[in-house]
Each structure stands twice: as structure tokens, then as C-alpha cells.
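Reading through the C-alpha cells given below for one structure.
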């Protein structure tokens, strides 16, 4: 039974390693100030074009607006934030539509690699990737808990597992209390 748990732990960790590396690298770079860049370009919109943010057909209206500006852009959904509508996912080229006083402006946003990774990290990627991230979260929980269980169930590893787990718990709670 133990060898089954070791194999499951190994396979889960190996399968998820690329995604966990993306999270660790993009998050670490972000925390040291490498946040990525977005190239913003204003887009000409035909005069008189406006959007009603309360419209039942807002996504279709945005698609029509972009099309009228000569933009062929596929998006999965819209993020409405104040006067702005942002096409999602933002992990690739996306558009921001701002509606103010019956005036509409559109800007094209093109993220660099680091910004793309940050957007994926934040859960702003395609819906399929977001579903994968949910599975990844469960998988990471499995990896951690199975690793702890394997360490605690081995007489040769039990004390080291307890000591390092206790140390990690203490450091975590001290940092939380100081935050």
C-alpha cells in the first residue's frame, strides 16, 4: 500500500511540476518587482459608437463594436469594472472599452511573457486553464498531504517530518501575526 502512495505522490508531483514552476517563477518575479509590461495602443472607433453597460446583450454589443473598428477578436467573457469593459482572458492580447458620457474609447493591450504568466497565475487566463488551475489546487493539496502522511508513517522519517512541519507552521503563524 505504501508503494502505491509513493507512486501516486510522485506522479502527481511530476505531472504538476510545470504548472507549479509557472506559479513559483511568475509570483517570485512579481514580488521582486518584475511585474511585466503591457503595450497599450489606442484604437479608432467609428464616431457615435456607444455601449449600454446594463444591456442584456453586452457581450454581443462589444463584439459588434470591435468588429465595426475592424478588429477580429475572440474573447470568452467580459470583466466590467466601473466605466471599463475588459475582454478576457487577459493572458493574451485583449481590449479595454471605456464608456464615459456617451463617448467610447477602445485600447488594445498586448502583455509580454511575464505579464502573461502573472495573468495566468491570477486566474485571468482562458476558462480551460482556470479549470486546470482548480484541479491543480486539489492536486497540490494531495501532494502536500500525501508527502506528510508518507513522512509521518515512516519510522525513519517521522521525527524529521514532525520537526520540519512544526518549524514551517511556527514560521507561517509568526509571519501572519506580524503582517
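Numbering (our numbering), first residue to last: -8 to 170.
Just so you know, even glycine gets a beta-carbon here, dropped at the ideal spot from N, CA and C.
Note that the coordinates shown come from a computational prediction; the quantities given were computed from them, not determined experimentally.
When the Cα atoms are used, what is the spatial distance from residue i to residue j?
i, j, result
"residue 164", "residue 156", "12 Å"
"residue 0", "residue 130", "9 Å"
"residue 70", "residue 86", "11 Å"
"residue 2", "residue 125", "18 Å"
"residue 117", "residue 77", "14 Å"
"residue 128", "residue 25", "25 Å"
"residue 136", "residue 166", "22 Å"
"residue 170", "residue 158", "18 Å"
"residue 107", "residue 7", "19 Å"
"residue 168", "residue 162", "10 Å"
Along the chain, where does the alpha helix (DSSP H) containing residue i start, and where does it finish?
i, result
"residue 106", "104 to 112"
"residue 14", "-7 to 22"
"residue 141", "118 to 143"
"residue 46", "No alpha helix (DSSP H) holds residue 46; DSSP gives it neither H nor E."
"residue 76", "Where residue 76 is concerned, there is no enclosing alpha helix (DSSP H), although the beta strand (DSSP E) it sits in stretches over 75 to 79."
"residue 153", "149 to 169"
Out of the options, state which residue places its alpha-carbon closest to the alpha-carbon of residue i.
i, options, result
"residue 59", "37, 2, 70", "37"
"residue -3", "168, 169, 145", "145"
"residue 103", "132, 11, 27, 0", "27"
"residue 34", "6, 13, 63", "63"
"residue 75", "94, 159, 13, 65", "94"
"residue 67", "54, 73, 99", "54"
"residue 92", "147, 39, 13, -5", "39"
Between which residues of its own chain and residue i is the CB-CB distance below 8 Å, once the five residues before and five after are set aside?
i, result
"residue 43", "49, 52"
"residue 123", "10"
"residue 139", "152, 156"
"residue 120", "80, 82, 111"
Could you name the residues of the same chain whose beta carbon sits closer than 7 Å to that of residue i, not counting the 5 residues immediately before and after it, in chain order?
i, result
"residue 20", "105"
"residue 15", "none"
"residue 4", "134"
Assuming residue i contacts residue j (C-beta within less than 8 Å), just tell me the rounded distance between them.
i, j, result
"residue 41", "residue 90", "6 Å"
"residue 81", "residue 115", "5 Å"
"residue 235", "residue 56", "The displayed coordinates of the chain run from -8 to 170. Any statement about residue 235 would go beyond what the structure contains."
"residue 109", "residue 17", "5 Å"
"residue 149", "residue 143", "6 Å"
"residue 160", "residue 99", "Their Cβ separation, rounded to whole angstroms, is 47 Å, which puts residue 160 and residue 99 out of contact at 8 Å."
Quick one: residues in its chain with C-beta nearer than 6 Å to the C-beta of residue i, no 5 flanking neighbours on either side, listed in chain order?
i, result
"residue 174", "Here the chain covers residues -8 to 170 and nothing more, so residue 174 does not appear."
Would you kindly report the start and end of the unbroken beta strand (DSSP E) that includes residue i?
i, result
"residue 72", "68 to 72"
"residue 90", "85 to 91"
"residue 33", "29 to 34"
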